[in-house]
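*Asks:* Protein chains in written order, with the numbering used here: chain A, 1 to 471; chain B, 472 to 942.
Protein chains: 2
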Amino acid sequence: MSDSALAQLRALLGPRGVLTAAEDMIGYETGARYDRGHALAVLRPATTEEVSQAVAICVRHGLHIIPQGGNTGLVSGATPDASGQQVVLSLQRLTGSFALDADNRSVTLGAGYRLSEVNRRLAAEGLSFPIDLGADPAIGGMIATNTGGARFLRYGDVRANVLGLTVVLADAAGTVLQLGGALYKNNTGVDWRQLFIGTSGSFGIITEAVLRLHPLPRDQAAAILVPSSGAAVLPLLRAMEDRLGPELSAFEGMSGNAMQAALQHVPGLRTPFAEGLPDYAILAEVSRARRPRLGEAGAEDLLQEVLADIIEERPDLLVDARFGAHDRIWALRHALSEGVKAMGRLIAFDLAFRRGDIMRFCDQMKAQMPDRFPGVTICDFGHIGDGGVHFNLVVAADSALATDPAQEAALRDWVFDVTVRDFGGSFSAEHAIGRKNQRWHDLYTPDSHRRLSRALRAATSPAGLGAVTFG
Amino acid sequence: MSDSALAQLRALLGPRGVLTAAEDMIGYETGARYDRGHALAVLRPATTEEVSQAVAICVRHGLHIIPQGGNTGLVSGATPDASGQQVVLSLQRLTGSFALDADNRSVTLGAGYRLSEVNRRLAAEGLSFPIDLGADPAIGGMIATNTGGARFLRYGDVRANVLGLTVVLADAAGTVLQLGGALYKNNTGVDWRQLFIGTSGSFGIITEAVLRLHPLPRDQAAAILVPSSGAAVLPLLRAMEDRLGPELSAFEGMSGNAMQAALQHVPGLRTPFAEGLPDYAILAEVSRARRPRLGEAGAEDLLQEVLADIIEERPDLLVDARFGAHDRIWALRHALSEGVKAMGRLIAFDLAFRRGDIMRFCDQMKAQMPDRFPGVTICDFGHIGDGGVHFNLVVAADSALATDPAQEAALRDWVFDVTVRDFGGSFSAEHAIGRKNQRWHDLYTPDSHRRLSRALRAATSPAGLGAVTFG
Numbered sequence: 001m002s003d004s005a006l007a008q009l010r011a012l013l014g015p016r017g018v019l020t021a022a023e024d025m026i027g028y029e030t031g032a033r034y035d036r037g038h039a040l041a042v043l044r045p046a047t048t049e050e051v052s053q054a055v056a057i058c059v060r061h062g063l064h065i066i067p068q069g070g071n072t073g074l075v076s077g078a079t080p081d082a083s084g085q086q087v088v089l090s091l092q093r094l095t096g097s098f099a100l101d102a103d104n105r106s107v108t109l110g111a112g113y114r115l116s117e118v119n120r121r122l123a124a125e126g127l128s129f130p131i132d133l134g135a136d137p138a139i140g141g142m143i144a145t146n147t148g149g150a151r152f153l154r155y156g157d158v159r160a161n162v163l164g165l166t167v168v169l170a171d172a173a174g175t176v177l178q179l180g181g182a183l184y185k186n187n188t189g190v191d192w193r194q195l196f197i198g199t200s201g202s203f204g205i206i207t208e209a210v211l212r213l214h215p216l217p218r219d220q221a222a223a224i225l226v227p228s229s230g231a232a233v234l235p236l237l238r239a240m241e242d243r244l245g246p247e248l249s250a251f252e253g254m255s256g257n258a259m260q261a262a263l264q265h266v267p268g269l270r271t272p273f274a275e276g277l278p279d280y281a282i283l284a285e286v287s288r289a290r291r292p293r294l295g296e297a298g299a300e301d302l303l304q305e306v307l308a309d310i311i312e313e314r315p316d317l318l319v320d321a322r323f324g325a326h327d328r329i330w331a332l333r334h335a336l337s338e339g340v341k342a343m344g345r346l347i348a349f350d351l352a353f354r355r356g357d358i359m360r361f362c363d364q365m366k367a368q369m370p371d372r373f374p375g376v377t378i379c380d381f382g383h384i385g386d387g388g389v390h391f392n393l394v395v396a397a398d399s400a401l402a403t404d405p406a407q408e409a410a411l412r413d414w415v416f417d418v419t420v421r422d423f424g425g426s427f428s429a430e431h432a433i434g435r436k437n438q439r440w441h442d443l444y445t446p447d448s449h450r451r452l453s454r455a456l457r458a459a460t461s462p463a464g465l466g467a468v469t470f471g
Numbered sequence: 472m473s474d475s476a477l478a479q480l481r482a483l484l485g486p487r488g489v490l491t492a493a494e495d496m497i498g499y500e501t502g503a504r505y506d507r508g509h510a511l512a513v514l515r516p517a518t519t520e521e522v523s524q525a526v527a528i529c530v531r532h533g534l535h536i537i538p539q540g541g542n543t544g545l546v547s548g549a550t551p552d553a554s555g556q557q558v559v560l561s562l563q564r565l566t567g568s569f570a571l572d573a574d575n576r577s578v579t580l581g582a583g584y585r586l587s588e589v590n591r592r593l594a595a596e597g598l599s600f601p602i603d604l605g606a607d608p609a610i611g612g613m614i615a616t617n618t619g620g621a622r623f624l625r626y627g628d629v630r631a632n633v634l635g636l637t638v639v640l641a642d643a644a645g646t647v648l649q650l651g652g653a654l655y656k657n658n659t660g661v662d663w664r665q666l667f668i669g670t671s672g673s674f675g676i677i678t679e680a681v682l683r684l685h686p687l688p689r690d691q692a693a694a695i696l697v698p699s700s701g702a703a704v705l706p707l708l709r710a711m712e713d714r715l716g717p718e719l720s721a722f723e724g725m726s727g728n729a730m731q732a733a734l735q736h737v738p739g740l741r742t743p744f745a746e747g748l749p750d751y752a753i754l755a756e757v758s759r760a761r762r763p764r765l766g767e768a769g770a771e772d773l774l775q776e777v778l779a780d781i782i783e784e785r786p787d788l789l790v791d792a793r794f795g796a797h798d799r800i801w802a803l804r805h806a807l808s809e810g811v812k813a814m815g816r817l818i819a820f821d822l823a824f825r826r827g828d829i830m831r832f833c834d835q836m837k838a839q840m841p842d843r844f845p846g847v848t849i850c851d852f853g854h855i856g857d858g859g860v861h862f863n864l865v866v867a868a869d870s871a872l873a874t875d876p877a878q879e880a881a882l883r884d885w886v887f888d889v890t891v892r893d894f895g896g897s898f899s900a901e902h903a904i905g906r907k908n909q910r911w912h913d914l915y916t917p918d919s920h921r922r923l924s925r926a927l928r929a930a931t932s933p934a935g936l937g938a939v940t941f942g
């Protein structure tokens, strides 16, 4: 059966469009953080029409399709299973169209464009797609994951910045849906875009998008702030928001452990704290649309004034503030992930809370972890402004937690349980659902939601699609 | 059958909770702009649990339910039909809970709260739910309509500001769904909230919501700008966005006809143009989070500087700019709707376009209207910053267009057709779908979308619910 399918797919996509050699497929079979699968073939269509026809062939032959963008996801949402029977459908070649509408501040583009390439092109026009991430995903994958990133409190997540989508359904016809267009206001029925945002390609395959763009800031300043305690973090955030509104473009928390890991393992970083790292620090950023005129206060003056004002009004909140070159300050923040990974075996959580609960959760974990799971180093960092926490744990590579999957599973169960049941938090803030957290999706998702998912799945893509089952 | 249903509903909701007298029901049976229906009864539950049980009784007895919030919608999305067999379910009494979480910048509240009351309570905390509208809807109705308003370009629509929803389905059990909670980042499955936002209560009844809040601006300034021509409007918008970013909080277009109608019919207004109205003007607003310090430039200085800068760089764009008291400038903008209504018979359209198409559409209409439909006065105004146009037409009360429904229908068909087919625009930007535009929903919605809607309807609220059929 699959021989005839592959022959038809080769006839449709050409030899460049169908990979079956082990050495060609391995990059598509390997997740960015976890897992290695094995695919029957990797398909590389170049247009929506080719995706539609390829899907129809796969559906006809009962082949399960795993859509894949830049393959930078962290929860194995685009990785085939080990069966060797699934087909990876890579969207990387969908880079045909790139139509900028500067008046509308929007761009219509193929799902295969990488974020960096999109922003490189837009920068020339003074525009940006402002989702700021450590990785360089393809646009389609970003949408299927609904990534958030470090500037959520200014720009929102991907969902807030998608105007239109083209989606191919895994049905017998490979039905193509055009959803939304390039309009900001459009309330003419059910907003079907939303079903495909953040659902890992399990209801349909995103082939094209219309993105909302923003003016590239022309004046930015950042500082590293040391709060007097965990309890001071939220009052500090609120005091800055009150004074800066949308000019506050980042408010990122960094634990001392995470900073130490970065400084130790990532070459070229310089510590802003020569005399020793604090337990916790905040990267705060101010962004302004315009360059300051001669004599006018710029972003750095504004940040300094606002901090001086806060210190005067609430002298109990801040114990230190370090200014420095904008790039150098962000280099530390962006190095945290790499630094933590280099420390040992990483057990990563992508959690979210009500903003006021973040520090309370972290404190509780710090108090209970040594008894429950000795040998764990907590290297948390993340997005205080939106409640997101990359709650990253590091264990020695030869420890029981690293070598015994049951121990790791017990740790994960406990952390997720405290997050979801005790704090009403989220077990996946911005990495979405993949094979890696399917188990917890199933545990925490009410039956009423899963029933809805099954009905929508049957109505959209009844054939095998995606690495995740929401129903 | 309905006698026994009414008896059960009275037992559940008490006499205050079930209205059947004609004089008690008329306010609920009459749309804010169009139509008068006739209901079997009006139900007024006060809690989610009461809504759930009332719905279960209605479903058991085959009663069609029309959910209704503040009854301020403009397209008869909450008005019963003329049969006298539908039940209006008013959510106005759902004002039990109002739980502000200032750290999280969110509030959890019953769907019955009016927007004005929400913002009155929030103002005391320096916060706001910043959807700016002419009407004073209930929160549940705003969500079911996905209203946008005059500050979309700064804050987005309702969809961008809803964190969580409680929804009652019209199934045999009156199933209650808890969707989202108070989290900013949460990607743990299908985002079911989205299917209840902007769908007029036809898939489920919104009883409670968690809203995202924003700091109340403490320094605002507005000006009325006269562009040199329609072609100058978009370059002017872009020049202001480039310099102001999110500090530009409104960019509203007002036609000379609409301004004239307001000045003529709304008492207490003063014209900013003593020497005669221009063909078109823009209300531009700057909002800042903080009050300026002594000697510091405030919002009005900033607006003046930015305009001076634009005039220097592009002397061809602006012919006039009038500053004035912030409230007085907005009073003119907010009076347009009332003024236009007082001019004669109103035929209103709530359209949206790519931003660059708005003035082109209006110019085309102005050129073609006199031949196609003589006697029509075009009084457009709206939201240049987000592409929305309240394309309001006024005809004499005794003209054929006012008295012959077929002529009005022909006019509507033509305007919608140019909007949707020639410009790729939206026939309902922010008023959503109601009885009044059901016909054009059916005309312009592809079968593939309607098939999905039917599946969704079957999986959520298979019983009779809502004034609109999306499938």
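By construction, the Cβ of each residue, glycine as well, lies at the ideal position given by its N, Cα and C atoms.
Can you give the Cα-Cα distance for G110(A) and N161(A), rounded to whole angstroms?
*Replies:* As a first step, residue 110(A) must be located in the first sequence, where it is residue number 110. As a first step, residue 161(A) must be located in the first sequence, where it is residue number 161. For G110(A) and N161(A), the distance between alpha carbons rounds to 16 Å.
*Asks:* Are any of the Cβ atoms in chain B nearer than 7 Å to that of F416(A)?
*Replies:* Numbered from 1 along the first sequence, position 416 holds the residue referred to as residue 416(A). False, the Cβ-Cβ gap to chain B never drops below 7 Å.
*Asks:* Could you name the residues of the stretch 914-933 of chain B whose beta carbon sits closer than 9 Å to any beta carbon of chain A, in the order they occur along the chain?
*Replies:* Answer in chain order: Y915, T916, P917, S919, H920, R921, R922, L923, S924, R925, A926, L927, A929, A930, T931.
*Asks:* Work out the CA separation of W911(B) and P917(B) for me, nearest whole Å.
*Replies:* Taking the first residue of the second sequence as 1, we reach residue 917(B) at position 446. Taking the first residue of the second sequence as 1, we reach residue 911(B) at position 440. Whole-angstrom Cα-Cα distance: 12 Å.
*Asks:* With 7 Å set as the bound, which would you pick, yes or no: does the beta-carbon of L654(B) sit closer than that to a beta-carbon of chain A?
*Replies:* For this step, residue 654(B) is matched to residue 183 along the second sequence. Taking Cβ atoms only, chain A reaches closer than 7 Å to L654(B), which makes this a yes.
*Asks:* Along chain A, in chain order, which residues have C-beta atoms closer than 9 Å to that of H861(B)?
*Replies:* The residue you call residue 861(B) lines up with position 390 of the second sequence. Neighbours of H861(B) on chain A: none; closest Cβ ~11 Å, over 9 Å.
*Asks:* Apart from the five residues on each side of it in sequence, which residues of its chain come closer than 8 Å, Cβ to Cβ, to D101(A)?
*Replies:* Within the first sequence, residue 101(A) is the residue found at index 101, counting from 1. Closer than 8 Å at Cβ, skipping near neighbours: V107, T108, A182.
*Asks:* Please specify which runs of the alpha helix (DSSP H), each continuous and at least 4 residues long, are wholly inside the stretch 395-442 of chain A, giving them in chain order.
*Replies:* Qualifying alpha helix (DSSP H) stretches, in chain order: 400-403, 405-417.
*Asks:* By DSSP's criteria, T20(A) is part of a beta bridge. Which residues make up the other side?
*Replies:* Your numbering for residue 20(A) matches position 20 in the first sequence. The partner list for T20(A) (beta bridge, DSSP) is empty, contrary to what the question assumes.
*Asks:* For F887(B) and F894(B), which I take to be in contact (beta-carbon distance under 8 Å), what is that distance rounded to the nearest angstrom?
*Replies:* Locating residue 887(B) in the second sequence gives position 416, where the first residue counts as 1. Locating residue 894(B) in the second sequence gives position 423, where the first residue counts as 1. In fact, because the Cβ distance is near 11 Å, the residues do not count as touching under 8 Å.
*Asks:* Tell me the rounded alpha-carbon separation between V534(B) and R481(B).
*Replies:* Working through the second sequence from its first residue, we reach residue 534(B) at position 63. Working through the second sequence from its first residue, we reach residue 481(B) at position 10. Just to set this straight, residue 534(B) is Leu in the shown sequence, not Val. Roughly 15 Å between the two C-alpha positions.
*Asks:* To test your reading of the DSSP string, which unbroken alpha helix (DSSP H) runs of 4 or more residues are found completely within the stretch 77-131 of chain A?
*Replies:* Correct list: 115-123.
*Asks:* According to DSSP, what are the bridge partners of Q220(A)?
*Replies:* For the purposes of this step, residue 220(A) is taken as residue 220 along the first sequence, with counting starting at 1. S287(A).
*Asks:* Rounded C-beta distance between K477(A) and F623(B)? I'm assuming under 8 Å.
*Replies:* Only positions 1 to 471 of chain A appear in the structure, and residue 477(A) is not among them; the question remains open.
*Asks:* Bridge partners of Q66(A), per DSSP?
*Replies:* As a first step, residue 66(A) is located in the first sequence; it is residue number 66 there, counting from the start. It should be noted that the sequence gives Ile, not Gln, for residue 66(A). Paired residue(s): V88(A).
*Asks:* Check the Cβ-Cβ distances between Q364(A) and every residue of chain B, and say whether any is below 7 Å.
*Replies:* Taking the first sequence and counting its residues from 1, the one referred to as residue 364(A) is at position 364. Output row for Q364(A): interface = no.
*Asks:* Under the three-state reduction of DSSP, which class applies to D821(B): helix, strand or coil?
*Replies:* Here residue 821(B) corresponds to residue number 350 of the second sequence, with the count starting at 1. In the structure shown, D821(B) sits in a strand (DSSP, three-state: E or B).
*Asks:* In chain B, which residues lie less than 7 Å from L195(A) when you measure between Cβ atoms?
*Replies:* Taking the first sequence and counting its residues from 1, the one referred to as residue 195(A) is at position 195. Under the 7 Å cutoff, chain B gives V661.
*Asks:* Using a Cβ distance threshold of 8 Å, determine whether the stretch 242-260 of chain A contacts the stretch 314-325 of chain A, with at least three qualifying pairs required.
*Replies:* Counting Cβ pairs under 8 Å, fewer than three are found: no touch.
*Asks:* Cβ closer than 7 Å: which chain B residues qualify as neighbours of P246(A)?
*Replies:* In the first sequence, residue 246(A) corresponds to position 246, counting from 1. Within 7 Å Cβ-Cβ: P717.
*Asks:* Count the other C-beta atoms from every protein chain shown that fall within 10 angstroms of the C-beta of V638(B), then say buried if there are 16 or more, exposed otherwise.
*Replies:* Within the second sequence, numbered from 1, the residue matching residue 638(B) stands at position 167. By the 10 Å Cβ count, V638(B) comes out buried.
*Asks:* If the cut is a Cβ gap below 8 Å, which residues of chain B does E430(A) touch?
*Replies:* Position 430 of the first sequence, counted from the start, is the residue given in the question as residue 430(A). Neighbours of E430(A) on chain B, chain order: K656, N658.
*Asks:* Below 8 Å on the Cβ atoms is my contact criterion, and I expect V530(B) with A641(B) to pass it. Report the Cβ-Cβ distance as a whole number of Å.
*Replies:* Along the second sequence, one-based indexing puts residue 530(B) at 59. Along the second sequence, one-based indexing puts residue 641(B) at 170. About 6 Å; that satisfies the 8 Å criterion.
*Asks:* Quick one: Cα of S673(B) to Cα of A938(B), how far?
*Replies:* Counting from one through the second sequence, the residue named residue 673(B) turns up at place 202. Counting from one through the second sequence, the residue named residue 938(B) turns up at place 467. Each residue's Cα considered, the two are about 7 Å apart.
*Asks:* What are the start and end residues of the alpha helix (DSSP H) that includes H805(B)?
*Replies:* The residue labelled residue 805(B) in the question sits at position 334 within the second sequence. Taken as a continuous stretch (DSSP letters only), the alpha helix (DSSP H) holding H805(B) covers 797-813.
*Asks:* In angstroms, rounded to a whole number, what distance separates the CA positions of G73(A) and I781(B)?
*Replies:* Taking the first sequence and counting its residues from 1, one reaches residue 73(A) at position 73. Taking the second sequence and counting its residues from 1, one reaches residue 781(B) at position 310. About 44 Å.
*Asks:* Are any of the Cβ atoms in chain A nearer than 7 Å to that of D772(B)?
*Replies:* As a position in the second sequence, residue 772(B) is number 301, starting the count at 1. Output row for D772(B): interface = no.
*Asks:* Taking A160(A) as the query, report the chain B residues whose CB atoms sit under 8 Å from its CB, ordered along the chain.
*Replies:* Counting from one through the first sequence, the residue named residue 160(A) turns up at place 160. Under the 8 Å cutoff, chain B gives G627, A631.
*Asks:* Apart from the five residues just before and just after M830(B), which ones in its own chain have a Cβ nearer than 6 Å to its Cβ?
*Replies:* Stepping through the second sequence from its first residue, residue 830(B) is reached at position 359. So the qualifying residues of the chain are G701, V704.
*Asks:* On the three-state DSSP scale, how would you describe L708(B)?
*Replies:* Taking the first residue of the second sequence as position 1, residue 708(B) is located at position 237. It is helical.
*Asks:* Let me know the secondary structure DSSP gives I26(A) once reduced to three states.
*Replies:* Position 26 of the first sequence, counted from the start, is the residue given in the question as residue 26(A). Helix, per DSSP.
*Asks:* With a CB to CB cut of under 6 Å and the five nearest residues on each side skipped, what residues in its chain are close to T491(B)?
*Replies:* Residue 491(B) sits at position 20 when you count from the first residue of the second sequence. Contacts found: A512.
*Asks:* Would you say L477(B) and P516(B) are within 7 Å of each other, going by their C-beta atoms?
*Replies:* Here the question's residue 477(B) lines up with position 6 in the second sequence. Here the question's residue 516(B) lines up with position 45 in the second sequence. Taking 7 Å as the Cβ cut-off, L477(B) and P516(B) do not qualify as a contacting pair.
*Asks:* Taking all protein chains shown into account, do 16 or more other C-beta atoms lie within 10 angstroms of the C-beta of D219(A), making it buried, or fewer, making it exposed?
*Replies:* By one-based count along the first sequence, residue 219(A) stands at place 219. Buried, since its Cβ has 16 or more Cβ neighbours within 10 Å.
*Asks:* From what residue to what residue does the alpha helix (DSSP H) around D780(B) run?
*Replies:* Position 309 of the second sequence holds residue 780(B). From DSSP, the alpha helix (DSSP H) with D780(B) extends over 770-784.
*Asks:* For V55(A), which residues in the same chain have their Cβ closer than 6 Å to its Cβ, ignoring the five residues on either side in sequence?
*Replies:* Position 55 of the first sequence, counted from the start, is the residue given in the question as residue 55(A). Around V55(A): V168, A170, G174.
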